[in-house]
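Worksheet for the structure shown next.
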Amino acid sequence: MANLTLVEAVNQALAWEMAHDESVVVFGEDVGVNGGVFRATVGLQEKFGIERVFDTPLAEAMIAGLSVGMATQGFKPVPEVQFMGFIYPALDQIISHASRMRNRTRGRLTCPMVLRAPFGTGIRAPEHHSESTEAFFAHMPGVRVVIPSSPVRAYGLLLSAVRDPDPVVFLEPKRIYRAFRQEVPDNGEGLPLDKAFVTRPGTDVTVITWGASVLETWNAVGELADEGIDCEVMDLATVSPMDKETILESVSRTGRAVIVHEAAISGGLGGEVAAVLASEGLYSLEAPVVRVGGYDAVPPLARMEYGYIPGIQRIKDAVHECMES
Amino acid sequence: MANLTLVEAVNQALAWEMAHDESVVVFGEDVGVNGGVFRATVGLQEKFGIERVFDTPLAEAMIAGLSVGMATQGFKPVPEVQFMGFIYPALDQIISHASRMRNRTRGRLTCPMVLRAPFGTGIRAPEHHSESTEAFFAHMPGVRVVIPSSPVRAYGLLLSAVRDPDPVVFLEPKRIYRAFRQEVPDNGEGLPLDKAFVTRPGTDVTVITWGASVLETWNAVGELADEGIDCEVMDLATVSPMDKETILESVSRTGRAVIVHEAAISGGLGGEVAAVLASEGLYSLEAPVVRVGGYDAVPPLARMEYGYIPGIQRIKDAVHECMES
Amino acid sequence: MPVVAQFEITYTQFLDEHGKAQQELPDFAADADEMARMYRFMHLTRVFDRRCINLQRTGQVGTIASSNGHEAAQIGLAAAMRPEDVLAPSYREHGAVIWRGVRMSQLLAVWGGDERGHNWDGARHDFPYCVPIATQCLHAAGAALALKMRGDEACAVALCGDGATSEGAFYEALNAAGAMNLPVVFWVTNNRYAISMPVEGQTAASTLAQKAIAVGIPGEQVDGNDLIAVRNAAEIATQRARSGGGATLVEALSYRLADHTTADDATRYRPDEEVEQAGRRAPLHRMKRFMEERFGWSDEQETALIEKLEAEVEKEVEAYLATPRPKIEEIFEHQFANMPAALGAQREIARKYPVPDHG
Amino acid sequence: MPVVAQFEITYTQFLDEHGKAQQELPDFAADADEMARMYRFMHLTRVFDRRCINLQRTGQVGTIASSNGHEAAQIGLAAAMRPEDVLAPSYREHGAVIWRGVRMSQLLAVWGGDERGHNWDGARHDFPYCVPIATQCLHAAGAALALKMRGDEACAVALCGDGATSEGAFYEALNAAGAMNLPVVFWVTNNRYAISMPVEGQTAASTLAQKAIAVGIPGEQVDGNDLIAVRNAAEIATQRARSGGGATLVEALSYRLADHTTADDATRYRPDEEVEQAGRRAPLHRMKRFMEERFGWSDEQETALIEKLEAEVEKEVEAYLATPRPKIEEIFEHQFANMPAALGAQREIARKYPVPDHG
Ligand SMILES: Cc1ncc(C[n+]2csc(CCOP(=O)(O)OP(=O)(O)O)c2C)c(N)n1
Ligand SMILES: Cc1ncc(C[n+]2csc(CCOP(=O)(O)OP(=O)(O)O)c2C)c(N)n1
Ligand SMILES: [Mg+2]
Ligand SMILES: [Mg+2]
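Protein chains in written order, with numbering that gives the first Met the number 0: chain A, 0 to 324; chain B, 0 to 324; chain C, 0 to 358; chain D, 0 to 358.
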């Protein structure tokens, strides 16, 4: 049983599914010989051949459009966009075609594909390498948005994403690609795409998060436990369609909610979570919902990025604010 | 003093500003000789010449990128994207460059431009002509998103948008382009870009809306008044950055909020409004916030589009739901 | 300075505007049945198109794009395709998709605002009409890659217009097709206008065919109003693709004889004389002359054919008009294969509200 | 079949890899001072680049892209530009922007993760380094349109790589420049690789210069390691643009002698021999030979120059390292000219938290 990092788990899931489903194809920029700039696809070309694992010309709209074309004709493309900051040229193909091919043909053609992209801050990269715009894709009917935040979840969620009959945008928190390891049995077992993960049961407050922020959240929650604040921690993971039930059930017990993500707060997905609580969970709320996120500013370059994303102290303060009001 | 439709008011504002600011340039697809497919730019080429009002090749990324280039070099481009459904190829230039040119150069270069696009349903058009994805742009730091919903506001807000030193995405509700007329004095007076419009004072519930939905909202509110329900109606208009103060102040008086928009509910901007109430206005809420919007489905073609967007009855039911809980 | 690369673009025409042969004709042109079949479909396209416009005027369909003037380009191309090939059409290709088995009532449904129309008969694997300009070119490239990986002896064909050639998606599709040696044909029907923009405003390139040079694939120009030139070019390009020879760009020179759509008024931006002149070069004229000269086609046959086609179209119009209105539930049922709970709940809400027609 | 268009692509080299003239040289090549100035900047680029890599290794800057091998392409082009021209560079163009007056300490700030670096000296109207591939080509086109509308006798220049030519944005920029006859030069430094993708994988086109044909503008290929060929081509193209002659595409053939960036390991995808071979054709080698033969440049001068440049670079490195850390407030202050209230409130929150350095 392998002790893997998140990015290694992604690789293991791709390898499993390619071995078990002939129709799965992996392509993108530098995913072949080079094995991906983060090594997510390393070894796949050797294993499955250059026909099924190949490098494309440098054009993201093309990568997405090619995927749509292949998906409608019986393949399961799993393209990679090298960084989320470069996914925007592909957005038109995702919203205008991938997301609606099934609907606009009333099921005649479908678009099973998984667009993978690393996202978020934290690797001292140049401009445009720190984007967290999952909210764009979560506002697209017909698209699933999945964000793993541990090796085990990366493996299980990616398997289910590739097996899903509809398009999935699979966003990988590159800041924690190698942050920690887990035993990830290579058993081909997927995880549900409609269930949030309660990673820590608690009674005082529900802390809802996803992506790399699970890391700071986890540390914050640990320190808060020492102070006697018992947080329930939820990794939303399948952020769209959103698992409202788990959110509402948890907050119905704790009465309090704090939301933590890297993306800019305004228009971010934390707003959707808060809105669900404001309309369907209002009577359980004993305190204002607190959102902690990236500020409403362009993600800064390396020297300030850790001042931009929610840090442990900011998360703790948010929980205190929520507990005290 | 001219009695104008919304689209005529847009034209009047463009003409005024072009006459008073040499640096304003209008371009896009079919905006010149043809005067725009909705006639928004009719007459401008005759008035101001083909140098300042011109048709471009058919390429939206190019239209946006050209604007960024011109704006950084001292011009004020006011490009038109023919329909919001075709704005997606331009999205990369908006988020990656227009929105951050000022920040990434620390003010050395700036990007004053107004990207105009008609949006929303309701004109029996083919596929992709009924998009309402204002939420995408409202999640972009450094960009203003402005949505007029009356001739008077179209004129004043567009003037201010063109004069604003930063990029503005100006979305015009084409369903009400010609729905009604107003006296629109051509006095060059702009309207503030940071204030929501309370179009009807009320005491029982705050109904927050924007775009073409103001129409059904207005009718619903009228009928509700006859039933004795006194709605305060707010046209959010400058949807990003959002005027939280006006929202919070109103709900602090009414204790209830209903949000109405055409866009898909999940991930829509109504979520941001509800989130603001859940975190900064919770103690004023006497009832759950109710969101009425397009369903989480691709905007349907003509025969079902009026079943998709919030109709008068659905808005009334939402207000009742909010009043009765 | 050493020359490191040289290129040329050719133009092919078989029949001049009077239907006179300018060079030796390809074999299929001698096949009376085949020519009659294509001629019939050209007329059907025209008759259907006329009826569509009239249905729009009477409010029975929504905004609709006319294929008036495209009859040769559409039928000649479709006739060169095989059922197992994959077509990625733009919104204007009525003749091509009808040839491939789509029912006219289904096309009317599409333009009438009913998604069920795209769940169409004929080549079930073909792409639906594509509205976002040039994006279908990428789908054709992807379909071609799928065909290639499966080892099928088939190709994909993308149809687009002159304006589409300015979009990055068009170029990216061509470049990928060249780089990956994909079995795909990019067919540009240059009807001289993108709504109000004349093709001269789209690009400084003297031909659209030469855009192929940028991506290292063959490109050529044909008279798009000459059915024989169109079919001949389409057969060569599709056969090249099916046999491993890779992608081709064909520019078919034609003219849009109608407004861009029923929502457009072309008199705003182009002179009537130009349209009249172009009308004299219309595809059906020269095919009629050709059919007369080669196959003794008579005016009686012509009148009979058109009457028959009008009846055929009328049947389809009736079928369209008789189709029960879609249910609001249907807008929820094809978002995902497995409907999310929240969406199901929204469907229940939607059920409660009658759907008003347009006012 | 009549030929309706013909094209050819030429290749220009003045100095072979040993610095020997292959044809009569342009006048500027006889100007000892000018040649020495360019040679000096080529070396400065090299020295600075070496120091950057070393700063990254020691954790004093973040991931950085090397310009090793691009010295001739960058300096020859920059030298042909005028201050009033507008440059839209990619992220690899250290030599070009330093020539235009940007301080090395400012470039280090950019790569060190400090936006203030882009508020740089020199040509204040130049665009900052551009990371989203090819998007800067559209900015150059827009700037060119601005220059044209103002009637300035100036041009815009976009710099990009071979990989960039596959992006729709590249094509759309070229097509618009052609259609609108814009004063812009698109300069493609073909260094054979886009990270791990060799240029042969990007396109089936045998040259990148021929992509100009698709948009009706002149395109040519030059030896990008030959300073004289580069400057000559750049002078012709920029002068054409400034004088109303419109846009030009230049493909400069070169080679990336380093990893793509410090985050890359090129040994994964290309053989050492290939790199060694390319190294022998490096721009500085042949320029050294040329300087020796034409202007009696000596090894002593060479050593002295490099020492002097190293000292110059060191001063800039010190200035960079001595720059006080930016304040977190600064990330809020340039989002809008007039800060929205809510953003101001967020700034107050941010103030309360120390900004940890990277772990
Ligand atoms: C991406 C995109 N931009 C704009 C439009 C609006 N529009 C519809 S048709 C058209 C002109 C297309 O011209 P052309 O490609 O020549 O095709 P034609 O209509 O002449 O057949 C435009 C601009 C669109 N549908 N998609
Ligand atoms: C739109 C976009 N996609 C992907 C990337 C990631 N990326 C950075 S550099 C690069 C290769 C660029 O190659 P080329 O254009 O030849 O320039 P070079 O680096 O060789 O100078 C890629 C794929 C990016 N920066 N932008
Ligand atoms: Mg056309
Ligand atoms: Mg390169």
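Built from N, CA and C at the ideal position, the CB exists for glycine as well.
Every alpha helix (DSSP H) stretch that sits fully inside the segment 289-349 of chain D and reaches 4 residues is listed by chain position as 298-321 and 329-332. When 8 Å is used as the limit between beta carbons, Ser95/A is near these residues of chain B: Gly84, Tyr87 and His127, in chain order. Counting the other CB atoms within 10 Å of its CB gives Asp120/D a total below 16, which places it among the exposed residues.
Identification of residues in the segment 25-51 of chain B having a C-beta nearer than 8 Å to some C-beta of chain C yields Glu28, Asp29, Gly31, Val32, Asn33, Gly34 and Val36, given in sequence order. Not a single CB atom of chain C sits nearer than 8 Å to the CB of Leu158/A.
Contacts with chain D at 8 Å (Cβ-Cβ) include Gly64/B. Ranked by Cα distance from Trp209/B, the options Val144/B, Ala160/B, Arg162/B and Arg255/B are led by Val144/B.
Leaving aside the five residues that flank Arg99/A on each side, the residues in its chain whose CB is nearer than 7 Å to its CB run, in chain order, Gly141.
Closer than 9 Å at the C-beta level to chain B, one finds these residues of the segment 228-244 of chain A: Ser239, Pro240 and Met241. For the segment 189-268 of chain C, the continuous alpha helix (DSSP H) assignments of 4+ residues that do not extend past its boundaries occur at 198-201 and 226-241, in sequence order. Residue environment: Lys147/C is assigned as buried (16 or more neighbouring CB atoms within 10 Å of its CB, all protein chains considered). The DSSP-derived three-state label of Gln44/A is helix.
Gly160/C counts as buried, since at least 16 other C-beta atoms from the protein chains shown sit within 10 angstroms of its C-beta. Interface annotation for the segment 163-182 of chain A against chain D: empty, criterion Cβ-Cβ distance under 9 Å. Counting only runs that start and end inside the segment 12-67 of chain B, the alpha helix (DSSP H) elements of at least 4 residues fall at 43-47.
Collapsing the DSSP output to three states places Glu222/B in a helix. DSSP places Ala296/B in the coil class of the three-state scheme, outside both helix and strand.
Taken atom to atom, the span from the alpha-carbon of Tyr282/A to that of Gly201/B is near 25 Å. Contact check between the segment 44-60 of chain A and the segment 172-187 of chain A: fewer than three CB pairs, one atom from each, fall below 8 Å, which does not count as touching. Within its own chain, the residues whose Cβ lies closer than 7 Å to the Cβ of Gly31/A, once the five positions on either side in sequence are excluded, are Gln44, Ile49, Val52, Phe53 and Asp54, listed in chain order. Against chain B, the beta carbon of Val85/D has neighbours under 8 Å at Gln72, listed in chain order.
At a Cβ-Cβ threshold of 8 Å, His117/D and Thr109/B do not count as neighbours.
Pro117/B is bridged by DSSP to Glu171/B. Taking 8 Å as the upper bound for CB-CB distance, Ser148/B and Ala236/B are in contact here, some 7 Å apart. Placement of the Cβ of Phe85/A at a distance of less than 7 Å from at least one heavy atom of ligand 2 is found. Interface annotation for the segment 316-337 of chain D against chain C: empty, criterion Cβ-Cβ distance under 8 Å. Closer than 8 Å to the CB of Gly167/D there is at least one CB belonging to chain B. Per DSSP, reduced to three states, the secondary structure at Lys351/D is coil, with no helix or strand assignment.
Identification of chain C residues near Gln201/D by a Cβ-Cβ cut-off of 9 Å yields Asn174 and Ala178, ordered along the chain. Note that the C-beta distance between Val274/D and Met303/A is not below 8 Å.
In the structure shown, Asp234/B falls within a strand segment according to DSSP collapsed to helix, strand and coil. With respect to chain C, the C-beta atom of Gly306/B has a partner C-beta closer than 8 Å.
Relative to ligand 1, the beta carbon of Gln92/A is positioned no closer than 7 Å to any heavy atom. The C-beta of Met0/D comes closer than 8 Å to at least one C-beta of chain C. For Gln220/C, the closest alpha carbon among the candidates Gly100/C, Pro197/C and Ala72/C is that of Ala72/C. At a C-beta separation below 7 Å, Gly112/C has these neighbours in chain B: Arg123, Leu300, Ala301 and Arg302.
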